[in-house]
Structure formats: C-alpha cells, structure tokens
Amino acid sequence: MFVCHCGINIGGVVNVPEVVKYAITLPNVVYSEENLYTCSSEGLSKIKEGIEKHNLNRVIVASCTPRTHEPLFRATCEEAGVNKYLFEMANIRDQCSWAHMHEPKEATEKAKDLVRMAVAKARLLKPQEEPEIEVAPSALIIGGGISGMTAGLCLAGQGFKVYLVEKEPELGGMLRHLHKLYPTMVDASEGLNKIVEAVKQNKSIEVWTSTVIKQVKGFIGNFDVSVQRETEEPANFRVGTIIVATGADVFEPVGMYGYEKYDNVIIQLQLEQLLKDGQLKKPERVVMIQCTGAREEKERTYCSRICCMTALKNALLIKELHPETDIYILFRDLQTYGKEYEEWHRMAQDRGVKFIKYALEKPPEVVTGHNGRLTVDVYHALLGEQVQIESDLVVLSTPLVQHEDARELSQMLKVPLGPDGFFFEAHVKLRPIDFATDGIYVCGTAHSPKDTAESVSQALGVASRAAIPMAVKRLRTEAITSMVDEGLCSGCGTCVSICPYGAIQKDEKGVARVTAVVCKGCGTCAASCPEKAITMRHFTDEQVIAQALAALGRAFA
Amino acid sequence: MTFEPRIVGFLCNWCSYAGADLAGVSRISYPTNIRIIRLMCSGRVDPVFVLETLANGADGVMVMGCHPADCHYVEGNLQAERKIKMLKKLIARTGLEPERLRLEWVSASEGGRFAELVKDFTDQIKALGPSSLAGEKPDPNILEDLLAAKAAAGDFRLRVLVGREKGMIDDGNVYGEEISQEELDKVMDEAIAAEYIRNKIYFMVRKEPLSVKELSKRLGLNPQTVLRHIVVMRRRGMVTVDRVEGTTPTYAALEVGR
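So the protein sequences, as listed, match chains X and S.
If you read the first sequence in the numbering used here, its first letter stands for residue 1, the second for the next number, and so on.
If you read the second sequence in the numbering used here, its first letter stands for residue 1001, the second for the next number, and so on.
Pasting the structure below:
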C-alpha cells in the first residue's frame, strides 16, 4: 500500500499517516508507506523496492484517479515483475481531498474506506494475459469521395493494400457536383480528376465501384469483408483496418420556403450545377436563405459549417458573371470562421451583397408575386419591420445530413451514430477520428459537415491512424474481457443479443463463446446472463461485491 | 448525533466516474457520504449487486452512467436503465423503500451536475432516515424480503426478461410479433410479482416446512395463488413435499436445483 500526499493536494486535507497506519491493519496488507509524490521517479522506485523487499503480489496506490495514473503505476508493477492487473488504485484525491477540502476529518475517514475497498478488490485480483493478434496489412475504405480516395492514396503510398468501395458507378463523391472550391476558387473537377486518375493508376488500390458492403465480420487485424457489385457474385477479402468515408447527403427542404412548389426556389447544390454548366440565366435579384433546415430546435440542431461560405462563394460567382444582379443573403448568424473566411464576408459586402439578419422565431416567407416572380417577406431585425423583397431566384442553403443507409452500415460495423445521425467518434477531443471499436476509423463528412480541405486533413489523419496497427503487424488487445463458463451456459442467447460489438456468438455446441479480441469489456453480458455463466475479468461479481461490503464496513474477507 | 447515510455509488469509467473526478478537479464540494465503485460501464451493474449492497445496510445506492446516446459501449447505459426500472419495482415489493436506489446520467464534463446529484440524493436519504437494514441489528423480516428479492433478481426468468427487453421491442418476439413497451411492462410486472413471492415462499419453507394454508395466511394471499406458485417451484426443483399431515402436505426447500 502506497499512500500519496500529492504534495499538499491530499496531505493538506487527509491525514495521510493515519491512513497508512490504518491500511496495515487490513487483511492481507503486509506493507504500507507514505510518499510525497508516488508518481515521481522516486515514488515509483519505492514501489519497485517494496515489491522486491516484501515480495508483494498485489500493489495498491492510494492517490489520484486511475483514469490518468493507472497506466503509469501498472507499468511500474510490470517492471518489477508483478502482472499489471494485480494493481489497484484508491482515488483519495479527485474524489476525496479535493472534493472535501473543508472537512478533513470526514475526508480522512472516507480515504480509509476507499483504501479498504481497494484492498477488498485487490485480494481477489487475478493476473491477466493480453491476447496477441496479427494484423493483416490491408485496409477497406468505404466511400470513394475525396476523403476515401485521399486516405487510400496515403495508405497505398505506405505499402498497404487498399480496397476502395464506392456504391456509385463513379469515384468522386460530392465533389463531382460542385463548381468551384473556396477559398482558392479552383474548379472542383480539376483537383478531383487528378486524384481519381492517381487512384486508378495505383497498383495497390483495388477500386470497386457500384459496389455495396454486404457483411463485415471479425475484429481489428482480421476483418472479413463481403462486398457485392451489382448483380455479380459477392467477393470476399480480409483486411486489417476499416475506414468509413461515406460522406453525406444534402438536405432536401421539401415543403420549406416553396421548395418543389416553385421552380425558381432551389438549393445551393442546384445553383452549383447551374453555375458549373453555365446555365444560370441572368437573375435580377437573388435571395439566399441560410440555415434552411439547420440549427433548428429539434432534429437537425447542428450548424452545417459550410453553408455560410458556400453562400458567399456562390454570391460572389454570380456577381462576377452578372455585376448588376442584386443579391440578398438572409442569415441568422453568419459564421465565416477561421483565418481566411472573414475576408470573404467583407469582400461580399464590398461588391454589394446585402445581408439581412432574421430570427429563428420569425423565419422569412416565400410567396408568389406577379409575373411568376417570388416575394420574400422577412422581418428585418435591425429596421424592426417586415421587408418584402421581390426576387426571381431563391436559393436555400441546406445542411449536410447523414445518408439514409448509414444506420445499416453502423449496425454492420457495430459503430455508433450520434444524435444528429453522423458517425460518432470514440472521444471528441482525444480520439476524434477513431471509433471506440478498434481498427475502424472515420473521416470526412460521414463524421460531420466539413469542407474539402477539412475532409482531406481528416483523411490523412485516419490513414496515419490506420497505418499504426498495420505497420506494427502484431498487437496486444484488451485483457479486461468476459468469458463464458460452458458448463453453466444454457445457450439462451441473451448475451449474444445484448453485446453491442457482436463479440459473443453461439458455437457448434450451442454454447455462447466470447471472441476476446472483439470484446471491449463493458460487462453488460455478465450483468445480464440468466445463468450467471459469464465472468467479467477484472470486474468479477466477487470483486465488486467485496468492494461494496468493504464500503459498508462489513466483513469482506 | 445527526444521521450520516452510507451511500454506495456504482459509476461507469467513461462518463460519470470522470464527472466525479472533474468535480474534484474543479474543487466543487459535495457530501462525503458516497463511496464510489468504478465499473467500466453502468451496464455492468448486476441487479444482484444493488440488492446485496442494500441487504448489507447501505442507506442508498446510486448508479450513474453516460447520458443516452453517449455510452462508451453504445448502449450499456440503456441496459442499466432497464435493470434499475425492474429493480425499483422489485424493491417496492419488499419492506425497503425503492427511493433508496437512484439512476442518474452524468457526463465527463458535468462535475457540477455530479456534485448536485450526490448532494440531492444524500439529502433525500437523510430525510428518509436510516435503512432498516443498516447497523448491527437489521430488521430480520425486511432482510428476508431482500434475500428473496436478490434470489429473484439472480434467477433465470427476470434476467432473461430484462436482458431481452430491448431486443423484443426493437425486433419483436421469436415469432416476429411486435411487442409494445406497455405489453412488455405488464409481463414484467407479473413476472416480478410472481418471482418475488416464489422466492419469499422458498425462504419461508427453508426455515420450516409449511402448508399452503399456512403460507397463504402468512403472505396474505389466497391459497390457490400460493398453490400455483408451489407447483411451479416443485417443477423447478425449489421445493418438495416434506410430509403429509392428514390430507395436507407441507413443503420444504430444496438446496439442490437452486
């Protein structure tokens, strides 16, 4: 037992010497000491010394949170020859001294309880082995848009085999429909064609167009993928990693602002197409309505990030073609984020684009005027009155939304969609392009609305993430997994249906079997097994109940 | 001396435990009563853990997990929610107050919310007073209720129902028929009532063999209901006929088959 003062962070509130003295009275505790900082190199060498001198086979550090420091102490135990799963922590700082600074006596009592709970668990800990698996040096990329192709080229450049699967007959994704790209105003097709050519020329990339994913089985390093091209026989291949780069759809604002009712109410994507084909007849007055179907109170609550810039870009392109055309942009908040884009806002103002702010509660209305023209009726917040704008073209800026078939893919891959429908990363800050499921990554607009440059950055990011396990070739996986006692299992299948990762399947004997490398260790199966045939390693029933008994001051030994 | 409740918290590693850490990092104070057990997911909370903890005298049990749709393990938290819902109904049948159990969602960024919830729950338990099972002399009747509840929660039927609940609502039953939450709740309520009584009977006849008449008197149930339970229990190997007095059989508990 190593009780940490953490300088004054713990020692200033909790009576550490008292906790040290108390610890030695607990069952199986043979040694107890205090450290100024257990995580310092001195503190760590004290742990190693203690292990050697007292022949310790369980180590407890009472200090901060295992969420930050468990890996460090585990590594120290391992260096001293103690299996790292025989280590336990008592969180007497974050959940004790810091939260109870003004109650030193109660904090000390709580620290003792936490130490007792840690002892109760540590006595029952078992050493664990982390299974080692081989990683196939190949990747499946789902989606042949700019993100998928960029990631594919990057991985192929590192010597990995890439299977690039695209459901459409052609590569290119959303970029095929765009006209010019901000901020450089190059033709979307120009950059795209180069990349498509590079992908097609690359011998390490197998391109599968008009192809859908039928089935994915397995786990990091060993995914078995089945794909089908139109009416052909399904093809199978094994890959080490999977990248989701399925992109997004543009929201169709059916029933909003006269869309589909009036021919001259269109969305930005249609405007792009008109500009691209040179088909835009000179309009006298254009009104763009921002946040159409976005940043709403429910359903699409999010900001689609690209629409402000898209509207500015297209407004400037129209101005370039037809300087006399009047352009109004009706917005709720104009978000020209980043170092380049604010300038675009000023540029549009300089060229005479007019901006009117409207409120969510008082959205504009589009009605027919005379001669087939439209009237946009909007409450001008600054003037404090309704303003009518006669216009011959209304362009709605609609958000990117998830594809309808994404749910199917999410279930097939066992990776989540967020409440907004986009694929949901493992951690918004620390693991922004990984899924919680090892070996599966996400990039581009499948993850959230973003522009081409951002999609490319993310694609390069996932390629380097996916390259790590493939370059290492072998990897160790989580030891905190569940296991089934075959003798107790009745084959009811409850665990099979509950496991969110498909880690449990019934074998040929009808008995549940856990694929350890797929198991993420949540333990829901063990908590649900009707026969109590499942043991959750490192969080066993006995260990958890011993902790609870210790917390209540009951005998746990 | 004022009553200081003993509260045990079962917290998931990713959201609520991190939220508790953040409360500390932010130096937000909250009552010292809670003792936290870290699990990887709130879905790991076996109903038996909660009942064991209450049976051993906890004044309150808090289960905390990630907010819906934020679960690190996709939907372990929703499984936890179903278990707690079942548990509250089960505890309501014992002599213990179901308010002693509470489920809350706390994200890793909600240190303040964590502290508020702990304070609120601690105050609630203080107002409720000590558990009848706390201290050196727990109420033997309520303790027996809890043991029966624990046995019911550890048995096949309730566990299958809770475990399959989500699947049945999403995909229908094995016959492909759609099932509504209301229908399932009804089945669950009946199962909880039946399994609890059966285990009550089990613990009663384990102490001394009893007749249906005697059991129905003690349980305040009509003899036919008790007999139906006995029939099921015999089939499951929970009880056997001990002896027949006149024409009245008495039943005894079997250790085997449990």
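We put the CB at the ideal spot given by N, CA and C, even for glycine.
- A straight line joining the alpha-carbon of A512(X) with that of I534(X) spans about 9 Å.
- In terms of CA proximity to K200(X), M149(X) leads the group M149(X), Q547(X), T231(X) and V353(X).
- Contact between C1041(S) and A1108(S) does not hold, since their C-beta atoms are separated by about 14 Å, which reaches or exceeds 8 Å.
- Taken atom to atom, the span from the alpha-carbon of M536(X) to that of C307(X) is near 48 Å.
- Within a 10 Å sphere around the beta-carbon of V1231(S) sit fewer than 16 other beta-carbons, which makes this residue exposed.
- Beta-bridge partners assigned by DSSP to W208(X): V165(X).
- Leaving aside the five residues that flank P1047(S) on each side, the residues in its chain whose CB is nearer than 6 Å to its CB run, in chain order, K1083, L1087 and A1153.
- Unbroken alpha helix (DSSP H) stretches of 4 residues or longer found wholly inside the segment 229-271 of chain X: none.
- Of the candidates E129(X), F73(X), Q128(X) and T65(X), T65(X) places its Cα closest to the Cα of A99(X).
- The C-beta distance from I92(X) to V14(X) rounds to 6 Å, short enough to meet the 8 Å contact threshold.
- Per DSSP, reduced to three states, the secondary structure at N1013(S) is coil, with no helix or strand assignment.
- In the DSSP assignment, M185(X) falls outside any beta strand (DSSP E) and carries neither an H nor an E.
- Bounds of the alpha helix (DSSP H) holding M309(X) are C307 to L321.
- Taking 8 Å as the CB threshold, H100(X) lines the interface with chain S.
- A Cβ-Cβ separation of about 14 Å leaves L400(X) out of contact with E272(X) under the 8 Å criterion.
- Taking G521(X) as the centre and dropping the five residues before and after it, the same chain places the C-beta of E478, I480 and T481 closer than 7 Å to its C-beta, in chain order.
- Going by DSSP, L155(X) is part of the alpha helix (DSSP H) stretching over I146 to G157.
- R1027(S) reaches chain X at W98, A99 and M101, counting residues in chain order whose Cβ is nearer than 8 Å.
- The shortest CA-to-CA distance from L1101(S) to any of Y1073(S), G1111(S), D1120(S) and E1075(S) is the one to D1120(S).
- The alpha-carbon separation between F423(X) and V3(X) amounts to approximately 43 Å.
- Using a CB distance cut-off of 8 Å, G1237(S) does not count as an interface residue toward chain X.
- Put simply, the CB of Q95(X) is near chain S, with a gap under 8 Å to one of its CB atoms.
- Listed by position along chain X, the residues whose Cβ is nearer than 9 Å to that of F1156(S) are S490, C492, P530 and E531.
- For a cut-off of 8 Å, the C-beta gap from A1058(S) to L552(X) is around 6 Å, short enough to register as a contact.
- A distance below 8 Å separates the beta carbons of G523(X) and R1044(S).
- In the structure shown, V511(X) adopts coil according to DSSP, grouped into three states.
- Going by DSSP, Y1251(S) is part of the beta strand (DSSP E) stretching over T1248 to A1253.
- Following the DSSP letters along the chain, one finds L330(X) in no alpha helix (DSSP H) but inside the beta strand (DSSP E) bounded by residues D326 to F331.
- V1244(S) is bridged by DSSP to P1249(S).
- Comparing alpha carbon positions, the residue from E320(X), M185(X), G152(X) and F539(X) closest to A459(X) is G152(X).
- Contacts between T1032(S) and chain X, judged by CB atoms closer than 7 Å, involve H100, E103, E106, A107 and K110 in chain order.
- Take the alpha-carbon of A245(X) and the one of M412(X): they are about 15 Å apart.
- At least one C-beta of chain S is nearer than 8 Å to the C-beta of C522(X).
- Looking at M288(X), R295(X), S138(X) and G439(X), the one whose alpha-carbon comes closest to that of L374(X) is M288(X).
- Within the segment 1035-1065 of chain S, the residues whose Cβ lies closer than 8 Å to some Cβ of chain X are R1035, I1036, I1037, R1038, L1039, M1040, C1041, G1043, R1044, V1045, D1046, P1047, V1048, F1049, E1052, T1053, N1056, G1057 and A1058, listed in chain order.
- The bridge partners DSSP lists for K357(X) are F331(X).
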